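Student:
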Amino acid sequence: MKVAWAGSRETLELSDRMAKLVANDPVFEKFTRPMLGRKELFKNTLRKAAHGWKLIVDLRLTEEEAKWLRLYIDEPAYTDLHWGMFIPAIEGQGTEEQKKKWLPLAQKMKIIGCYAQTELGHGSNVQGLETTATFDPQADEFVIHSPTLTSSKWWPGGLGKASTHALVYARLIVGGEFHGVHGFIVQLRSLEDHSPLPGITVGDIGLKFGNGAYNTMDNGVLRFDHVRIPRNQMLMRVSQVTKEGKYMQSDVPRQLIYGTMVYVRQTIVVDASKALSRAVCIATRYSAVRRQFGSRNGGPETQVIDYKTQQSRLFPLLASAYAFRFVGEWLKWLYMDVKQRLEANDFSTLPEAHACTAGLKSLTTTATADGIEECRKLCGGHGYLVSSGLPELFAVYIPACTYEGDNVVLLLQVARFIVKTVSELGYKQPVGTTAYMGRVATLMQNNCAVRTAEDWLNPGAIVEAFEARAARMAVACGRQLAKFENPEEGFAELASDLVEASVAHCQLIVVSKFIEKLQQDIPGKGVKQSLEILCYVYALFLLHKHQGDFLAVGYLTPKQALLANDQLRTLYSKVRPNAIALVDSFNYTDHYLGSILGRYDGNVYPKLYEAAWEDPLNDSDVADGFHQYVQPILKQKLHSAKL
Ligand SMILES: CCCCCCCC/C=C\CCCCCCCCCCC/C=C/C(=O)SCCNC(=O)CCNC(=O)[C@H](O)C(C)(C)COP(=O)(O)OP(=O)(O)OC[C@H]1O[C@@H](n2cnc3c(N)ncnc32)[C@H](O)[C@@H]1OP(=O)(O)O
Ligand SMILES: Cc1cc2nc3c(=O)[nH]c(=O)nc-3n(C[C@H](O)[C@H](O)[C@H](O)COP(=O)(O)OP(=O)(O)OC[C@H]3O[C@@H](n4cnc5c(N)ncnc54)[C@H](O)[C@@H]3O)c2cc1C
Numbered sequence: 008m009k010v011a012w013a014g015s016r017e018t019l020e021l022s023d024r025m026a027k028l029v030a031n032d033p034v035f036e037k038f039t040r041p042m043l044g045r046k047e048l049f050k051n052t053l054r055k056a057a058h059g060w061k062l063i064v065d066l067r068l069t070e071e072e073a074k075w076l077r078l079y080i081d082e083p084a085y086t087d088l089h090w091g092m093f094i095p096a097i098e099g100q101g102t103e104e105q106k107k108k109w110l111p112l113a114q115k116m117k118i119i120g121c122y123a124q125t126e127l128g129h130g131s132n133v134q135g136l137e138t139t140a141t142f143d144p145q146a147d148e149f150v151i152h153s154p155t156l157t158s159s160k161w162w163p164g165g166l167g168k169a170s171t172h173a174l175v176y177a178r179l180i181v182g183g184e185f186h187g188v189h190g191f192i193v194q195l196r197s198l199e200d201h202s203p204l205p206g207i208t209v210g211d212i213g214l215k216f217g218n219g220a221y222n223t224m225d226n227g228v229l230r231f232d233h234v235r236i237p238r239n240q241m242l243m244r245v246s247q248v249t250k251e252g253k254y255m256q257s258d259v260p261r262q263l264i265y266g267t268m269v270y271v272r273q274t275i276v277v278d279a280s281k282a283l284s285r286a287v288c289i290a291t292r293y294s295a296v297r298r299q300f301g302s303r304n305g306g307p308e309t310q311v312i313d314y315k316t317q318q319s320r321l322f323p324l325l326a327s328a329y330a331f332r333f334v335g336e337w338l339k340w341l342y343m344d345v346k347q348r349l350e351a352n353d354f355s356t357l358p359e360a361h362a363c364t365a366g367l368k369s370l371t372t373t374a375t376a377d378g379i380e381e382c383r384k385l386c387g388g389h390g391y392l393v394s395s396g397l398p399e400l401f402a403v404y405i406p407a408c409t410y411e412g413d414n415v416v417l418l419l420q421v422a423r424f425i426v427k428t429v430s431e432l433g434y435k436q437p438v439g440t441t442a443y444m445g446r447v448a449t450l451m452q453n454n455c456a457v458r459t460a461e462d463w464l465n466p467g468a469i470v471e472a473f474e475a476r477a478a479r480m481a482v483a484c485g486r487q488l489a490k491f492e493n494p495e496e497g498f499a500e501l502a503s504d505l506v507e508a509s510v511a512h513c514q515l516i517v518v519s520k521f522i523e524k525l526q527q528d529i530p531g532k533g534v535k536q537s538l539e540i541l542c543y544v545y546a547l548f549l550l551h552k553h554q555g556d557f558l559a560v561g562y563l564t565p566k567q568a569l570l571a572n573d574q575l576r577t578l579y580s581k582v583r584p585n586a587i588a589l590v591d592s593f594n595y596t597d598h599y600l601g602s603i604l605g606r607y608d609g610n611v612y613p614k615l616y617e618a619a620w621e622d623p624l625n626d627s628d629v630a631d632g633f634h635q636y637v638q639p640i641l642k643q644k645l646h647s648a649k650l
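Note that my numbering has the sequence shown beginning at 8, numbered continuously upward.
Put into structure tokens, the structure is as follows:
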């Protein structure tokens with residue numbers, strides 16, 4: 008199962024090597040992180056990033072190894088944005104000449120870049136950005152300016168203190184005419200002493216949610232006062248501005264300017280399975296250690312993992328972690344395919360890639376953020392201790408529901424894609440993830456054939472149920488929209504229903520990709536069978552949770568919904584014997600898990616007890632401040648009879 012989770016034996020060995028490298032290096036210690044003040048915390052992150060880079064250079068790590076190293080260091084840092092957005096943006100939107108100039112500098116870390124798109128006033132609405140880039144043909148330069156307070160760049164990671172350069176998204180003005188938002192490489196700080204260059208005001212935006220957590224990142228604010236950059240620092244693959252001041256659009260679609268977001272959304276889906284599996288690993292191991300009630304004749308109490316309620320909350324999350332792992336693998340393939348096509352100027356699959364990355368990013372991050380919080384509750388009171396690892400994991404993870412596109416805004420993008428597909432059904436055969444809509448007549452007509460709980464253990468029955476639900480919800484939205492004279496008004500009015508239809512479509516993708524994975528050859532005794540059980544748990548849990556949809560569209564009867572739930576209970580009993588093995592298969596070191604409750608050796612109580620004494624409050628028996636603030640109250644002589 009370790010191999011199935013990792014993807015291959017080579018990846019398992021490689022990731023294991025990187026995990027151990029990090030776990031055994033004292034520089035990457037992270038247990039004191041939530042106790043550190045902001046300055047100390049940030050300096051420590053700089054130290055870790057520098058040490059990580061030294062390891063990459065000294066050990067000549069490959070890109071793949073470096074990615075695993077970064078994962079196991081487990082600390083958001085400016086390097087994420089440099090490698091994860093600044094470099095990919097230049098790769099995707101720069102001309103050959105621009106790539107030749109900027110990529111070697113960035114890849115050798117001679118410059119440090121960030122991705123400065125969001126502003127104080129606008130994040131979701133990218134076309135609403137206010138920063139301007141006005142072309143000055145006399146000087147052959149752009150003038151980058153922040154005309155209003157709300158145009159201040161706000162949020163970019165790495166901008167606050169670390170970056171020397173930024174990829175700035177600004178409204179292009181040529182000859183007094185606006186040409187929409189484009190990307191510009193702007194130097195922010197001196198390469199000699201790191202001080203801000205003239206016309207640049209830059210700093211950190213302040214503390215964020217939770218202790219430690221995302222506060223290791225210097226999310227920044229940036230303002231420009233008529234800052235001049237050479238013309239060739241506008242990324243010009245999509246459109247060009249000539250020396251003479253002529254704006255030219257190439258054959259490349261304008262949406263490619265959003266390409267970096269497509270790339271990162273894809274990586275976020277892969278990362279969702281890592282974050283969720285971490286939380287699930289902690290909650291599952293601890294649920295096997297923890298005992299409450301049920302002692303008979305003085306025997307041991309019941310392990311809480313044996314309670315059906317615990318299983319019905321925990322096992323769907325375990326199954327979701329596996330489901331997200333496999334859909335992430337598929338999405339990576341889809342992205343690589345689109346990337347190759349884009350390089351060959353084939354843009355036909357871009358809308359599908361956008362809809363899939365946006366929708367799956369939204370679906371998986373929402374489920375993971377909620378799942379981590381559920382795991383905290385599954386660990387009872389001890390889950391609330393920082394030493395459980397869950398509070399920091401939650402705090403560091405939840406912004407994923409917002410960054411790279413607010414999850415609701417992204418589902419509305421999926422809705423546009425679905426509505427368009429439905430409206431074109433008469434004359435255009437849908438392909439890819441919407442191919443099922445090509446069978447819409449059958450899906451609208453056929454009803455579920457399940458008669459017994461066992462009938463639900465059938466991939467065909469499950470896929471058809473999810474297809475019918477998604478197709479019927481999409482068609483219903485299409486019919487409702489048709490009643491509006493103005494389609495945009497209709498879209499705004501029906502937004503909540505459209506979001507639900509998008510969720511149904513995305514859940515269908517995850518379920519189908521899990522089932523497709525099981526059609527592959529999966530070596531290892533019992534591995535495929537265990538994955539099949541998890542796949543059914545994932546699908547039937549969703550079906551149970553959203554039974555209202557399946558019933559409302561008239562595909563299921565209440566009896567069939569009840570049978571699905573009966574089957575789900577049986578499946579939980581089948582997961583139980585292998586639950587610990589299924590989380591051990593993630594192959595996480597204790598360092599990466601960062602949790603006393605999730606320790607591999609299960610030695611939870613002695614270690615919790617030990618850790619309590621390490622809290623600074625326990626440095627002395629009598630706390631600082633006692634004599635000043637508590638003792639006077641204790642010694643107070645009160646005259647009021649009542650008191
Ligand atoms: C220690 C040492 C370490 C060393 C390490 C070494 C190696 C490590 C290597 C790698 C490390 C990798 C680490 C990666 C980690 C990444 C961490 C990420 C951290 C996250 C940081 C966060 C960053 C951000 O948040 S950046 C800002 C993101 N902002 C958004 O997402 C904004 C959301 N809004 C939008 O996307 C859009 O504005 C919109 C889509 C909502 C609306 O746009 P608009 O123009 O108004 O469009 P609309 O009219 O609705 O649509 C027009 C048509 O365009 C289509 N479309 C829209 N978007 C896209 C798209 N992205 N792609 C393609 N097409 C798109 C849309 O469908 C419409 O099409 P139609 O056909 O006309 O209908
Ligand atoms: C930790 C973190 C790191 C970040 N890093 C970066 C970075 O490196 N670079 C960068 O450029 N940006 C970064 N961002 C910014 C991030 O991309 C934006 O915050 C995000 O895109 C959401 O935009 P917003 O803040 O404008 O939200 P808003 O759009 O203001 O959302 C507020 C509410 O309005 C709703 N809403 C908005 N529009 C609609 C609509 N059309 N229909 C229905 N509901 C709507 C949303 O659902 C939400 O509930 C980061 C943000 C965070 C939290």
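Glycine residues also receive a C-beta, built at the ideal position from the N, C-alpha and C atoms. Note that the coordinates shown come from a computational prediction; the quantities given were computed from them, not determined experimentally.
Measuring only the C-alpha atoms, how far is I522 from E199?
Tutor: 55 Å
Student: Closest to E103 by C-alpha separation, out of N239, I119 and L397, would be which residue?
Tutor: N239
Student: Spatial neighbours of L136 within its chain, please: C-beta separation below 8 Å, excluding the five flanking residues on both sides.
Tutor: Excluding residues within five positions, the ones whose Cβ falls inside 8 Å are Q124, E126, H129, S158, Y176, A177, R178 and V188.
Student: Give me whichever residues DSSP pairs with I192 in a beta bridge.
Tutor: L174
Student: Counting Cβ pairs, one atom from each stretch, are 3 or more of them under 8 Å apart for the segment 287-294 and the segment 579-594?
Tutor: yes
Student: Note down, one range per segment and in chain order, each alpha helix (DSSP H) of at least 4 residues found wholly within the segment 358-419.
Tutor: 397-404
Student: In or out: K253 buried (at least 16 other Cβ within 10 Å) or exposed?
Tutor: exposed
Student: Classify V64 as buried or exposed, calling it buried when 16 or more other Cβ atoms lie within 10 Å of its own Cβ.
Tutor: In the assembly as shown, V64 is an exposed residue. Its beta-carbon has fewer than 16 other beta-carbons within 10 Å.
Student: Could you give the DSSP three-state label for Y122: helix, strand or coil?
Tutor: strand
Student: Check whether the Cβ of H129 sits closer than 7 Å to any heavy atom of ligand 2, and report yes or no.
Tutor: yes
Student: Around the Cβ of A499, are there at least 16 other Cβ atoms within 10 angstroms (buried) or fewer (exposed)?
Tutor: Its Cβ having fewer than 16 others within 10 Å, A499 is exposed.
Student: Note down the Cα distance separating L367 from L357, rounded to an integer number of angstroms.
Tutor: 15 Å
Student: Once DSSP output is grouped into helix, strand and coil, what is the label at W12?
Tutor: helix
Student: Is any heavy atom of ligand 1 found at a distance shorter than 7 Å from the C-beta of N132?
Tutor: yes
Student: Measure the C-alpha to C-alpha separation of T440 and E359 and round it to an integer number of angstroms.
Tutor: Going from the Cα of T440 to the Cα of E359 covers about 8 Å.
Student: Can you tell which of V421, K644, A442 and E381 has its C-alpha closest to the C-alpha of S369?
Tutor: V421
Student: Below 8 Å on the Cβ atoms is my contact criterion, and I expect I540 with V582 to pass it. Report the Cβ-Cβ distance as a whole number of Å.
Tutor: V582 and I540 do touch by the CB rule: their CB atoms are close to 6 Å apart, below 8 Å.
Student: Using CA atoms only, rank isn't needed, just tell me which of K250, L195, K281 and L349 is closest to R261.
Tutor: It is L349.
Student: Can we say the segment 370-383 touches the segment 395-407, given the rule of at least three CB pairs closer than 8 Å?
Tutor: yes
Student: Report yes if the C-beta of R667 is less than 7 Å from at least one heavy atom of ligand 1; otherwise report no.
Tutor: Only positions 8 to 650 of the chain appear in the structure, and residue 667 is not among them; the question remains open.
Student: D313: buried (16+ other C-beta within 10 angstroms of its C-beta) or exposed?
Tutor: exposed
Student: Within the same chain, show all residues whose beta-carbon is closer than 6 Å to that of A30, passing over the 5 residues directly before and after it, in chain order.
Tutor: T596 and H598
Student: So, do the segment 44-54 and the segment 222-232 have three or more beta carbon pairs nearer to each other than 8 Å?
Tutor: yes
Student: Is P307 near ligand 2 - that is, is its Cβ less than 7 Å away from at least one heavy atom of it?
Tutor: no
Student: Just tell me which of V181, R196 and Q105 has its CA closest to the CA of D147.
Tutor: Checking every option, the nearest Cα to that of D147 belongs to V181.
Student: Of the residues G445, A619, S580 and A13, which one's Cα is nearest the Cα of T316?
Tutor: S580
Student: Using a Cβ-Cβ cutoff of less than 7 Å, which residues in the same chain neighbour A511 once the five nearest sequence positions on both sides are dropped?
Tutor: R476, A477, M480 and D556, listed in sequence order.
Student: For V276 versus F331, is the C-beta spacing smaller than 8 Å?
Tutor: Yes; because the gap between Cβ atoms is below 8 Å, this pair is in contact.
Student: Which residue wins for smallest C-alpha separation from L325, given the options T375, A365 and Q574?
Tutor: T375
Student: Ordered along the chain, which non-local residues of its own chain (more than five positions away) have a Cβ less than 7 Å from that of V245?
Tutor: So the qualifying residues of the chain are Q100, S257, V259, R261, L263 and I264.
Student: Suppose the cutoff is 6 Å on Cβ atoms and the five residues either side in sequence are ignored; what does the same chain contact list for A546 look like?
Tutor: I469 and V518
Student: To which residues of the same chain is T139 closer than 7 Å at the C-beta, ignoring the five residues directly before and after it?
Tutor: H152, P154, A177, R178 and I180
Student: Which residues in the same chain as K250 place their Cβ atom closer than 8 Å to its Cβ, once the five residues preceding and following it in sequence are excluded?
Tutor: P144, D147 and R238
Student: What are the boundary residues of the alpha helix (DSSP H) that L229 is part of?
Tutor: The continuous stretches of alpha helix (DSSP H) do not include L229, which lies in the beta strand (DSSP E) extending over residues G227 to F231.
Student: Ligand 2 heavy atoms versus the CB of G164: any closer than 7 Å?
Tutor: Under cutoff, so the answer is yes.
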